[in-house]
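Read top to bottom, the protein sequences are chains A and B. Using the numbering used here, you'd call the opening residue of the first sequence number 1 and step up by one each time. Using the numbering used here, you'd call the opening residue of the second sequence number 358 and step up by one each time. No residue lacks a Cβ here, since even glycine has one placed at the ideal position from N, Cα and C. Fair warning: this is a prediction, and the values are worked out from it, not measured in the lab. Encoded as structure tokens, the structure appears first; notes follow it.
Number of protein chains: 2
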Amino acid sequence: MDKPKLFTVGPTYVNDDVRAEMSNQMFSHRDAEYVKLHKELIEKLRKFFQTQNDIFIYTSSSTGCMESSVRNCISEHGTGLSMVCGAFGKRFNEIIAENGRNAVRSEVPWGKANLGEQLEEALSKNPGVEAVTITHCETSTSVLSPLEELCKVAKEHDVLTLVDTVSSMGGTEIPIDRLGIDFCFFGVQKCFGVPPGLAIATVSKKALEKAATVKNRGHYFDFLNLKKFNDKHMVPYTPPMPQMIGLSKQLDLIFEEGINNRFERHRKVSARVRDKCKELGFSVFPDEKYASPTLSCISVPQGFDLKGMYAKMNDRGFVLASGYDKLKETTFRVGNMGNVTMDDVNEMLENLEEVIQ
Amino acid sequence: MDKPKLFTVGPTYVNDDVRAEMSNQMFSHRDAEYVKLHKELIEKLRKFFQTQNDIFIYTSSSTGCMESSVRNCISEHGTGLSMVCGAFGKRFNEIIAENGRNAVRSEVPWGKANLGEQLEEALSKNPGVEAVTITHCETSTSVLSPLEELCKVAKEHDVLTLVDTVSSMGGTEIPIDRLGIDFCFFGVQKCFGVPPGLAIATVSKKALEKAATVKNRGHYFDFLNLKKFNDKHMVPYTPPMPQMIGLSKQLDLIFEEGINNRFERHRKVSARVRDKCKELGFSVFPDEKYASPTLSCISVPQGFDLKGMYAKMNDRGFVLASGYDKLKETTFRVGNMGNVTMDDVNEMLENLEEVIQ
Chain A
1 MDKPKLFTVG PTYVNDDVRA EMSNQMFSHR DAEYVKLHKE LIEKLRKFFQ
51 TQNDIFIYTS SSTGCMESSV RNCISEHGTG LSMVCGAFGK RFNEIIAENG
101 RNAVRSEVPW GKANLGEQLE EALSKNPGVE AVTITHCETS TSVLSPLEEL
151 CKVAKEHDVL TLVDTVSSMG GTEIPIDRLG IDFCFFGVQK CFGVPPGLAI
201 ATVSKKALEK AATVKNRGHY FDFLNLKKFN DKHMVPYTPP MPQMIGLSKQ
251 LDLIFEEGIN NRFERHRKVS ARVRDKCKEL GFSVFPDEKY ASPTLSCISV
301 PQGFDLKGMY AKMNDRGFVL ASGYDKLKET TFRVGNMGNV TMDDVNEMLE
351 NLEEVIQ
Chain B
358 MDKPKLFTVG PTYVNDDVRA EMSNQMFSHR DAEYVKLHKE LIEKLRKFFQ
408 TQNDIFIYTS SSTGCMESSV RNCISEHGTG LSMVCGAFGK RFNEIIAENG
458 RNAVRSEVPW GKANLGEQLE EALSKNPGVE AVTITHCETS TSVLSPLEEL
508 CKVAKEHDVL TLVDTVSSMG GTEIPIDRLG IDFCFFGVQK CFGVPPGLAI
558 ATVSKKALEK AATVKNRGHY FDFLNLKKFN DKHMVPYTPP MPQMIGLSKQ
608 LDLIFEEGIN NRFERHRKVS ARVRDKCKEL GFSVFPDEKY ASPTLSCISV
658 PQGFDLKGMY AKMNDRGFVL ASGYDKLKET TFRVGNMGNV TMDDVNEMLE
708 NLEEVIQ
């Protein structure tokens with residue numbers, strides 16, 4: 001990995017080949033050359049996701065996908081439920097309210113996962129819920145909630161599932177169709193290691209049918225408009241073509257590595273981070289049973305000089321991520337999304353050991 | 358210019374230096390390095406625009422800016438008026454309606470400009486209008502409507518001005534503060550010659566004050582959220598960093614060329630296109646008094662083989678833009694936005710002459 005060595009939680013390190021490919025000259029987004037790019041990219045994504053759902057190209061960050069799902073999958077005066085176990089689950093819930101929908105939430109303390117029985121209880125309490133938002137990997141706490149049991153409960157209640165896989169997609173298996181995820185989205189700057197500016201979402205037939213009944217969906221994030229153009233291998237407006245080119249190249253590299261090898265690498269590297277951090281006298285912030293394979297949130301002892309640690313690591317060329325929101329003063333985070341190898345992380349951990357001693 | 362030579366209406370040709378700069382390694386969007394990039398970019402844009410207004414970074418295409426302006430500058434059940442003289446003015450009006458606002462429009466035949474007296478009449482007929490949308494350069498017809506008289510009338514009626522400068526900003530002078538433009542937006546892939554994926558908008562104090570009174574502004578395009586982060590030299594979510602880096606570099610190149618030299622180049626090159634096309638037996642589609650200096654919409658004689666012309670020009674490495682929407686079969690368009698020089702256009706026109714003979 002080049003210096004500085006990024007153990008951030010996105011944007012993550014971008015391979016030279018991807019950056020080189022992205023620096024190609026532009027062409028018109030209404031030409032045959034574009035249609036070819038769009039078509040090939042969707043085919044590669046479909047192979048990766050193993051889904052029959054539509055796959056949309058969003059000219060936005062992942063937050064735009066949240067707004068899109070809310071405006072299309074919850075009626076104008078309908079109710080959306082959010083499973084919350086950290087800052088990003090909370091944001092998803094706020095976006096429901098900010099778009100004029102009725103927002104309810106079911107919350108567990110930070111560090112815990114959202115579980116199926118919790119969703120069961122929340123849906124029983126709120127019988128009118130049209131869609132539930134789930135944060136698969138909660139980037140603020142590094143918890144990976146169990147998608148399978150959550151989706152199972154949602155399906156039993158015939159509620160749409162809107163799933164934030166921003167910091168998990170590409171780093172762990174998410175069988176979209178088998179789980180029954182109606183709307184699944186992520187930004188390319190996390191586990192896919194592409195520069196930011198492009199988000200991708202899969203949209204089920206059921207979600208599209210729902211959208212057709214929802215008023216005031218707006219224009220920019222309207223499912224039906226996106227689908228109309230997607231069916232022609234286009235986007236309604238000018239998309240972030242360099243990032244699309246980069247993602248297409250990155251998917252080639254991912255297939256070369258092997259999808260399962262990639263997941264295994266994430267799992268092993270994150271386990272190494274947690275084990276070594278415990279050895280160094282830190283502790284793992286989340287319930288370890290639900291620790292994400294893509295990033296780790298690490299608690300430091302009281303009075304520990306976090307700022308000093310970041311500065312010393314920066315001097316050595318390593319960038320760690322600070323704790324998020326209310327965990328800023330008590331935790332730090334280590335991202336291993338995308339292209340981070342065991343060698344990269346071992347080198348970083350050796351330096352961390354020297355720095356804190 | 359490299360082959361293929363782009364005379365499209367965006368994405369336009371990108372300079373080698375800009376593409377090289379964009380291929381740099383990524384870094385965190387919450388780090389000091391990002392803050393420096395954001396701050397410097399805004400300072401350069403402010404110098405270019407000569408405005409005291411806030412300047413927002415949109416992680417979207419220009420269409421996202423349209424939606425943003427509608428959701429922030431027109432009350433939930435308020436009325437927006439659109440001045441329409443082509444396809445993009447119509448789209449802006451539809452976005453008002455699609456966001457649940459009351460949309461009225463004042464239309465002239467395609468090829469004509471929207472004028473001050475037309476706006477005066479429309480505002481007199483619709484006394485409740487909160488904001489007027491104006492398409493400065495209508496990309497479908499190549500008409501440049503006279504902003505100064507339109508803004509003057511809007512100001513007299515105390516109506517907010519939402520101005521689409523997508524295909525004019527960077528190619529002709531738009532003195533934002535002097536004209537009194539409340540919301541002025543464009544995408545970087547037109548006259549700025551940067552790959553697509555980033556839009557920029559200037560937002561007046563008055564527009565921000567209005568937004569504070571509007572309910573249901575959503576989250577992603579909310580002025581107040583964008584301003585809160587912009588004041589810290591950040592964006593609420595991960596922005597398209599490569600395009601920001603590219604735009605910053607491109608602005609350096611623009612200042613080197615000289616802003617006024619750049620405008621003069623656009624004016625002269627577009628005049629050359631129109632003159633030569635008339636010489637070749639075509640005619641200029643719009644009212645020439647309002648012909649844009651950034652692109653030209655050219656009418657062909659009845660029965661003229663447009664498809665054959667595009668194909669033959671493509672074989673020679675030149676890409677022209679087809680007519681838009683209802684003008685598809687009767688016109689073609691020549692973009693000269695961004696980096697197109699007189700030599701480029703002369704070479705293209707010589708080839709065009711050979712091709713049609």
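| Check | Outcome |
| --- | --- |
| Helix, strand or coil at V132/A [DSSP, three-state] | strand |
| First through last residue of the alpha helix (DSSP H) which encompasses D343/A | M342 to I356 |
| Reference V427/B, options D632/B, L438/B and L504/B, closest by Cα | L438/B |
| Neighbour list for E94/A in chain B, Cβ cutoff strictly below 9 Å | H576 |
| Partners in chain B for R19/A, counting only beta-carbon separations shorter than 8 Å | S380, N381 and Q382 |
| Y415/B (DSSP reduced to helix, strand or coil) | strand |
| Alpha-carbon spacing of L179/A relative to V163/A, whole angstroms | 11 Å |
| Stretch-stretch touch, CB-based, cutoff 8 Å, three pairs: the region 259-273 of chain A with the region 112-132 of chain A | no |
| Whole-angstrom C-beta distance between G443/B and T492/B, which should lie under 8 Å | 7 Å |
| Pairwise C-alpha distance: L224/A and S292/A | 34 Å |
| Pairwise C-alpha distance: F445/B and D662/B | 26 Å |
| Three CB pairs or more closer than 8 Å across the region 25-42 of chain A and the region 383-400 of chain B | no |
| Terminal residues of the alpha helix (DSSP H) in which F620/B lies | I616 to E636 |
| Minimum C-alpha distance to F255/A - residue among S167/A, K47/A, V319/A and A311/A | K47/A |
| For T12/A and Q546/B, the rounded distance between their alpha carbons | 25 Å |
| Nearest-angstrom beta carbon gap, R458/B and G485/B [assumed within contact, 8 Å] | In fact, because the Cβ distance is near 11 Å, the residues do not count as touching under 8 Å. |
| Spatial neighbours of H266/A in its chain, beta-carbon cut-off 8 Å, leaving aside the 5 residues before and after | G171, T172, C191, P293, T294, N336 and M337 |
| Inter-residue spacing [alpha-carbon to alpha-carbon] between T238/A and V571/B | 29 Å |
| For F405/B, the first and last residue of its enclosing alpha helix (DSSP H) | A389 to F406 |
| Cβ of Q600/B within 8 Å of any chain A Cβ | yes |
| Length of the line joining the Cα atoms of V284/A and F229/A | 46 Å |
| Chain B contacts from the region 186-197 of chain A (Cβ-Cβ distance under 7 Å) | G187, Q189, P195, P196 and G197 |
| Simplified DSSP state of N339/A, which is helix, strand or coil | coil |
| Residue-chain proximity (T595/B, chain A), Cβ-Cβ < 8 Å | yes |
| Runs of alpha helix (DSSP H) lying entirely within the region 480-528 of chain B, each at least 4 residues, in chain order | 504-513 |
| Cross-chain neighbours of N351/A in chain B, by beta carbon under 8 Å | Within chain B, no residue comes near N351/A; the closest Cβ sits about 18 Å away, beyond 8 Å. |
| Separation of Y415/B from I538/B, as counted between CA atoms | 18 Å |
| Same chain, Cβ closer than 7 Å to V194/A, neighbours up to 5 away in sequence not counted | V14, V18, V188, Q243, G246, L247 and Q250 |
| Cutoff 6 Å; reference V510/B; Cβ partners in own chain excluding five residues on either side | G473, L476 and E477 |
| Per-residue DSSP class, three states only, for N114/A | coil |
| First and last residue of the uninterrupted alpha helix (DSSP H) at K210/A | K205 to A211 |
| G680/B burial status per 10 Å Cβ neighbour count (16 or more: buried) | buried |
| Test: S417/B CB closer than 8 Å to a CB of chain A | yes |
| Residues sharing a beta bridge with F185/A, DSSP | D164/A and A201/A |
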